[in-house]
Amino acid sequence: MFTFSTRAAKLSLLPVTTLAAAAYAANRGRDVGYMDALSECPSADSETLQNWSGTHSSDFVKVYSPPSLSALKTLVASTADKIRCVGSGLSPNGLSFPSSSTTCVNLSELNTVLGLENDVVEVEAGMTVHDLLAELAKEGLTLPVLASISEQTMGGFVNVSAHGTGLGIGPIDAFVQSFKIVTPDFGVLELSRSDSGYQKKLFDLILVGLGCFGVVYSYKIKVVPKYNLLQKQFVLTREEAVRDMESLKRDYKHMRMMWVPYEDCVVVVASNSSDGSELPKLGVEGDPLQPMRELLKEKGSLDGKLVDGLGMGELRDELLNLDVLNPEWVKKVNAAEARFWKKNSGFVYDSNSKLLNFDCGGQQHVLELCFETTAGGATQGADAEFMLQLLNAIESEGLPAPGPIEQRWSAGSSATMSPAHGEGGDFCWVGGIMYLTTEDAGIRNKITSTFSGTYTDLMLKVGKAFGAKTHWAKREKGSVEAEEFNRIRKLLDPEGRCGNEWTTEVFGF
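Here the sequence shown stands for residues -25 to -1, 1 to 484, numbered as in mature numbering (1 follows the signal peptide of the UniProt record, and there is no 0).
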């Protein structure tokens, strides 16, 4: 059992009567009449929902898209079914997907900026990160943290404590000032970071709520002036990466490392704000994709012209697909990828939204662990030591592990359920990956078995010594200890209507 525990994360057990009083206080004038009827919510019957990687699906559910807060309140209050909110379906583990006989809520109609004042934007939870960035850009503003993908909704972005990379920059939940959530038993709650006492505890606990407390309607989030970045990409050896890691992550506003298994190759992508007044030579020389194209033309059967038109992620998928579970072949693919990264070194200058959003590759299984590197007894260098232990375990086991294993950093969050819970600390995030390179069900099942078995077990074993916690959107198995989380769930949703099979397995409720 891989249990969830954090430094100072567990709340003192609060009396249910006190919690109820706090919830009532957070309810800003619940509308008991409900003027809207369910008929006002556009719906579709028997939808088949599938996540982006095609690893999870949900059939035979009714999907409602409420057009207003009032309609959302009606829906949550009136349905006798379980109820689950689904956004863009990007989570690798299908975290948001409903079980059978569940009313599915999609907030695509609730996608508006409600207000902007004093560098705080109020946005409906159904708006995508991409669309919010476009609206903020009109005002010369941007979000303070961006994950690699911008298609997720703001509700999903916050509810799983999504993160970018950069010391001093917390996950997105660290910048939420308040939010409104529609709960089954207490109607609309409005919780704020400025609340005190038990209401503040509710704010911290429900903020990263994984959809278990109800449906979030809107957030107020701090924003920052839009900025451009000068990004430097280069390759280090493992020894150099360990030596320079501490200085690199502190010298750059944003920095991530990508480690290639079986290769002495660590790709560094580092960037700082720049006004563009003094720029080095931009771009790269030659064709960085040549090593991967040559290998595919030599070993594959695709037409040469087609190969020449493929991008890096597509080339990697096609190469791996030739023998995806053969460690010796995967090593050759990784070697070609390492040569690509070395040729692809150089500088890029662009907006933060374009450089911090990047291609994550094709369909995939991914497990991401988070651990604190500077507090709670950890010593400086824990992030480097973790990577060395992980790579040694992978290579000793002979796993067919493709590249890259991505390493990022963040500050902490006050949100109780954030994997980076703990304000004032520095946190490291590490993601292992295997690509689903084919539609062949038999091979996909074998890839899934290898990743969810040996690879996942290996990562969790290494992570245990570092107190690592799993990114919620990437946890496929294992229960967690979350007593206070369940206590508040039973208060706000006593019948467990907002859960699904995943929450039942993980939290036992």
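The beta carbon of each residue, even a glycine, is placed where N, CA and C say it ideally should be. Since this is a predicted model, take the numbers as computed values, not measurements.
For residue i, the residue or residues it bridges with in DSSP
| i | result |
| --- | --- |
| leucine 205 | Asn247 and Tyr324 |
| histidine 446 | According to DSSP, which records beta bridges pairwise, histidine 446 is partnered with nothing at all. |
| isoleucine 156 | Leu164 and Val191 |
| leucine 116 | Pro200 |
| cysteine 79 | Val38 and Arg59 |
| glutamine 382 | Met232 and Val405 |
| valine 242 | Val210 and Met233 |
| serine 53 | Answer by DSSP bridge pairing: none, since serine 53 is not bridged. |
| serine 33 | Leu24 |
Endpoints, alpha helix (DSSP H) assigned at residue i
| i | result |
| --- | --- |
| glutamate 459 | 458 to 467 |
| valine 308 | 302 to 318 |
| tyrosine 173 | 172 to 182 |
| histidine 105 | 104 to 112 |
| glycine 275 | Looking at the DSSP string, glycine 275 is not in any alpha helix (DSSP H), and its letter there is neither H nor E. |
| glycine 438 | 431 to 439 |
| isoleucine 196 | Looking at the DSSP string, isoleucine 196 is not in any alpha helix (DSSP H); the run it does join, the beta strand (DSSP E), is 190 to 197. |
| glycine 279 | 279 to 283 |
| glutamate 84 | That residue, glutamate 84, is in no alpha helix (DSSP H); it is neither H nor E in DSSP. |
| glutamate 451 | Here glutamate 451 belongs to no alpha helix (DSSP H), and DSSP marks it neither H nor E. |
Alpha-carbon spacing of residue i relative to residue j, whole angstroms
| i | j | result |
| --- | --- | --- |
| proline 159 | phenylalanine 188 | 8 Å |
| proline 41 | leucine 85 | 7 Å |
| glycine 400 | serine 385 | 9 Å |
| isoleucine 408 | histidine 340 | 6 Å |
| alanine 443 | serine 371 | 21 Å |
| glutamine 208 | glycine 321 | 5 Å |
| alanine -4 | aspartate 179 | Note on alanine -4: pLDDT 47, under 50, position unreliable in the model; no value is reported. |
| glutamate 97 | glutamine 174 | 20 Å |
| threonine 128 | aspartate 226 | 31 Å |
| threonine 429 | proline 375 | 11 Å |
| leucine 116 | valine 198 | 7 Å |
| arginine 464 | serine 249 | 45 Å |
| residue 539 | serine 32 | A query on residue 539 cannot be resolved here, the shown segment of the chain reaching from -25 to 484 and no further. |
| serine 14 | isoleucine 58 | Low confidence applies here, because serine 14 scores a pLDDT of 49, under 50, leaving its location unreliable; read the following figure in that light. Looking at the two C-alpha atoms, the distance is approximately 17 Å. |
| lysine 318 | glycine 184 | 43 Å |
| residue 485 | phenylalanine 315 | Outside the shown range of the chain (-25 to 484) lies residue 485, about which nothing can therefore be said. |
| glutamate 110 | lysine 201 | 12 Å |
| tyrosine 237 | glycine 373 | 9 Å |
| glutamate 480 | aspartate 325 | 43 Å |
| aspartate 432 | serine 167 | 39 Å |
| leucine 277 | proline 377 | 21 Å |
| proline 469 | phenylalanine 161 | 11 Å |
| tyrosine 194 | glycine 284 | 42 Å |
| leucine 89 | glutamate 99 | 7 Å |
| serine 123 | asparagine 332 | 4 Å |
| alanine 52 | glycine 101 | 19 Å |
| leucine 254 | isoleucine 380 | 30 Å |
| methionine 220 | lysine 48 | 49 Å |
| histidine 138 | cysteine 345 | 11 Å |
| asparagine 81 | histidine 105 | 17 Å |
| asparagine 475 | proline 73 | 6 Å |
| serine 151 | isoleucine 196 | The displayed chain sequence assigns valine, not serine, to residue 151. Straight-line Cα distance between these residues: approximately 4 Å. |
| phenylalanine 482 | asparagine 247 | 40 Å |
| threonine 478 | phenylalanine 484 | 7 Å |
| methionine 232 | alanine 46 | 45 Å |
| glutamate 269 | glycine 336 | 20 Å |
N- and C-terminal bounds of the beta strand (DSSP E) containing residue i
| i | result |
| --- | --- |
| histidine 340 | 339 to 347 |
| valine 455 | Unbroken run through valine 455: none, as it is neither H nor E. |
| glycine 90 | 88 to 92 |
| isoleucine 58 | 57 to 60 |
| arginine 231 | 229 to 234 |
| glutamine 96 | A quick correction: the sequence has valine, not glutamine, at residue 96. Start and end: 95 to 99. |
Residue i, DSSP secondary structure in three states
| i | result |
| --- | --- |
| lysine 256 | coil |
| isoleucine 147 | helix |
| isoleucine 422 | helix |
| leucine 164 | strand |
| serine 45 | helix |
| glutamine 25 | strand |
| valine 481 | helix |
| valine 210 | strand |
| glutamine 127 | coil |
| glutamate 370 | helix |
| valine 299 | coil |
| serine 222 | helix |
| serine 427 | helix |
| alanine 357 | helix |
| proline 263 | coil |
| arginine 291 | helix |
Contact test: residue i Cβ vs the ligand PLP heavy atom, cutoff 7 Å
| i | result |
| --- | --- |
| glycine 90 | Looking for the ligand PLP in the displayed structure turns up nothing, as the structure carries no ligands at all. |
Original post:
Quick one: complete beta strand (DSSP E) runs, 3+ long, within the stretch 384 to 422?
Top reply: 401 to 410
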